[in-house]
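Step one of this worksheet: look at the structure below.
Residue numbers (my numbering): 136 to 686.
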């Protein structure tokens with residue numbers, strides 16, 4: 136029999152365990168720290184972050200998801216907020232900072248409630264009800280939009296870019312984004328649209344200015360023609376897309392060829408030459424005057440192609456081949472012998488052009504391109520990189536606006552509308568959940584509050600005025616961060632897709648509820664020690680990693 140009072144060791148030595156309120160507050164503190172890291176980037180007056188990794192590579196951005204992916208976060212609860220940003224980015228393409236700030240604020244409000252001895256599951260239930268109500272409000276204030284309303288779609292793109300460093304050229308870029316998305320949008324049988332972002336190819340080349348950015352109704356291939364004797368441009372191009380090498384095949388098995396007579400050697404070389412000639416002849420017979428090859432092209436084959444005045448490009452990326460097929464209407468052929476004129480794609484003009492230091496091949500004037508390219512230019516590498524992130528956000532929001540067919544007003548107006556509706560709704564709910572619903576309403580106001588703070592305005596004055604306007608029924612009243620006044624966001628053209636708002640609410644609520652329900656953190660000790668339950672942002676302090684439970 137064991138003597139009383141002897142401790143029983145269940146956990147491995149060095150394992151840290153925190154439970155109860157301590158664990159909850161610790162997780163909440165970590166999540167708040169992550170939300171604070173991106174808070175200052177929200178809105179048109181938001182600032183950028185400069186991130187330097189261990190190799191010294193620099194990223195300058197104010198894109199929430201990029202910031203959170205770049206900083207190495209150790210704390211397990213803080214990682215959940217990074218997931219929120221990633222989900223938001225995948226689903227809506229924009230609003231990543233909004234989602235993270237909202238999740239952080241929901242947890243901050245929950246902390247006060249836990250302090251008042253309200254059980255976390257009660258808070259979680261209240262938050263869930265509030266989120267459902269918030270979705271209803273968004274549906275109510277949303278306006279319908281169709282793919283033909285180019286002006287409105289352009290405003291959606293411009294709103295997305297107004298907070299980015301590309302905002303100086305947002306008109307031009309939004310125009311390009313809308314043209315690109317409407318070109319590649321495909322209509323389903325039920326009349327709704329579907330946009331695959333992969334069909335919009337973004338090619339970055341530093342040099343020139345942002346104003347030199349252009350949309351190509353076709354594809355840009357970052358390769359040059361293989362032989363200088365080939366024409367540098369081909370009009371009315373008939374394009375063969377080949378996923379096979381124009382080279383003499385080597386034998387699969389180890390084989391030895393013994394040549395005993397010099398004439399045999401010549402015959403052997405002649406046969407090789409004849410094979411390559413035959414390959415080029417197949418291409419010529421099909422009627423193709425441009426060939427994109429995914430594999431290699433032999434030097435001799437290059438010579439014959441040049442003689443036949445065929446423009447050839449080799450070692451084209453698989454993704455580019457797929458886009459070329461979509462843009463030109465051609466088929467990718469895997470067996471050269473089977474190439475026929477039915478497999479060819481068409482483009483008005485294929486030409487080689489020097490951009491920066493590199494020669495690139497432009498395939499333009501495709502009849503009905505289901506894939507397009509955007510050539511991005513900018514002063515420095517960092518400018519072009521941030522421009523690419525801005526443009527991806529813009530194309531994504533235009534795409535989801537077309538897919539869902541609904542838009543809402545931005546500038547904190549929809550958030551304020553939700554907060555008002557939730558306060559009214561809370562009083563109709565019995566039990567302690569109503570306190571959580573009110574806390575949710577307060578948390579949603581963090582969006583207009585942060586917009587005001589980042590613009591150097593008094594957040595309290597702005598919130599009071601916003602509430603007054605919304606009480607009067609001005610559903611679109613939001614913050615004009617440039618004039619510092621509360622104005623009608625519809626007139627200001629601040630419009631975003633409904634999915635940005637609804638996804639931010641869904642993922643922020645899910646993350647907050649998940650963190651709230653944790654009352655015990657068991658962190659096994661890992662080799663080098665990282666951020667255990669005690670770690671703050673970026674894993675300060677705390678020992679032991681987070682390998683989960685080791686009993």
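No residue lacks a Cβ here, since even glycine has one placed at the ideal position from N, Cα and C.
Since we're looking at a predicted model, the values are computed, not measured.
TODO: For my contact list, residue 484 and residue 370 are in at a C-beta cut-off of 8 Å; report their separation, rounded to the angstrom.
DONE: The distance from the Cβ of residue 484 to that of residue 370 is about 6 Å, consistent with a contact at the 8 Å cut-off.
Open item on the list: Out of 571, 642, 610, which one is the CA nearest neighbour of residue 257?
Closed with: Closest option to residue 257, Cα to Cα, is 571.
TODO: Give every residue of the same chain whose Cβ lies closer than 7 Å to the Cβ of residue 88, excluding the five residues on either side of it in the sequence, and list them in chain order.
DONE: Past the boundaries of the shown model lies residue 88; the chain is included only from 136 to 686, so the question cannot be answered.
TODO: Pull up the CB-CB distance for residue 574 and residue 156, whole angstroms please, since I reckon it's below 8 Å.
DONE: Not confirmed; about 17 Å, so no contact.
Open item on the list: Between 649, 652, 633, which has its C-alpha nearest residue 226's C-alpha?
Closed with: The residue among 649, 652, 633 with its C-alpha nearest the C-alpha of residue 226 is 633.
Open item on the list: Considering Cα atoms alone, identify which of 584, 653, 357, 373 is closest to residue 449.
Closed with: Minimum Cα distance to residue 449 is reached at 357.
- [ ] Can you say whether residue 323 is buried or exposed, counting buried as having 16 or more other CB atoms within 10 angstroms of its CB?
- [x] Exposed.
Task: Status (buried if at least 16 other CB within 10 Å, exposed otherwise) for residue 355 - done: Within 10 angstroms of the beta-carbon of residue 355 lie 16 or more other beta-carbons, which makes it buried.
- [ ] Quick one: grab the DSSP three-state call for residue 569.
- [x] DSSP places residue 569 in the helix class (H, G or I) of the three-state scheme.
TODO: Report the option in 590, 383, 606 whose CA atom is closest to the CA atom of residue 614.
DONE: Closest by alpha carbon: 590.
Task: Close-in-space but distant-in-sequence residues of the same chain around residue 579 (CB under 6 Å, 5 per side omitted) - done: Hits under 6 Å: 550, 553, 554.
- [ ] Would you list the residues sitting across from residue 633 in a DSSP beta bridge?
- [x] Per DSSP, none; premise fails for residue 633.
Task: Short CB-CB distance (under 8 Å) between residue 324 and chain D - done: Considering every chain present, this structure includes no chain D. It has just one protein chain.
- [ ] List the endpoints of the continuous alpha helix (DSSP H) containing residue 244.
- [x] Note, residue 244: alpha helix (DSSP H), 231-250.
- [ ] Can you say whether residue 456 is buried or exposed, counting buried as having 16 or more other CB atoms within 10 angstroms of its CB?
- [x] So residue 456 counts as buried.
Open item on the list: Looking at residue 511: is its Cβ nearer than 8 Å to the Cβ of residue 519?
Closed with: Inclusion of residue 511 and residue 519 in the CB contact set at 8 Å is warranted, their separation being smaller than that value.
Open item on the list: Judging by CA-CA distance, which residue of 384, 212, 169 is the nearest neighbour of residue 648?
Closed with: Nearest C-alpha to residue 648: 212.
- [ ] Report the option in 640, 658, 655 whose CA atom is closest to the CA atom of residue 272.
- [x] In terms of CA proximity to residue 272, 640 leads the group 640, 658, 655.
Open item on the list: Short of 6 Å in beta carbon distance, which residues of its chain neighbour residue 663, apart from the five on each side in sequence? Order them along the chain.
Closed with: Low per-residue confidence applies at residue 663: pLDDT is 45, beneath 50, and the placement is therefore not dependable, though the value from the model is reported in the following sentence. Residues of the same chain with a CB within less than 6 Å of the CB of residue 663, apart from the 5 flanking positions on each side, do not exist.
Open item on the list: Tell me which residue opens and which closes the alpha helix (DSSP H) that residue 162 is part of.
Closed with: For residue 162, the uninterrupted alpha helix (DSSP H) segment begins and ends at 156-174.
Open item on the list: Taking contact to mean 3 or more Cβ pairs, one atom from each stretch, closer than 8 Å, check whether the region 328-335 and the region 475-483 are in contact.
Closed with: Contact annotation: the region 328-335 does not touch the region 475-483, with fewer than three C-beta pairs closer than 8 Å.
Open item on the list: Is the beta carbon of residue 585 closer than 8 Å to that of residue 236?
Closed with: With contacts defined by Cβ atoms closer than 8 Å, residue 236 and residue 585 form a contacting pair.
Open item on the list: Using 8 Å for Cβ pairs, my map puts residue 376 next to residue 459. What's the rounded Cβ distance?
Closed with: Sure, about 6 Å apart at Cβ, within 8 Å.
Open item on the list: Given this structure, state the Cα-to-Cα distance separating residue 148 from residue 657, to the nearest angstrom.
Closed with: The alpha-carbon atoms of residue 148 and residue 657 are separated by roughly 12 Å.
Task: Helix, strand or coil at residue 495 according to DSSP, with G and I counted as helix - done: Three-state DSSP puts residue 495 in a strand.
Open item on the list: In whole angstroms, give me the CA-to-CA distance for residue 557 and residue 606.
Closed with: Going by the C-alpha atoms only, they are around 13 Å apart.
Task: residue 617, DSSP secondary structure in three states - done: Residue 617 falls in the coil class under three-state DSSP.
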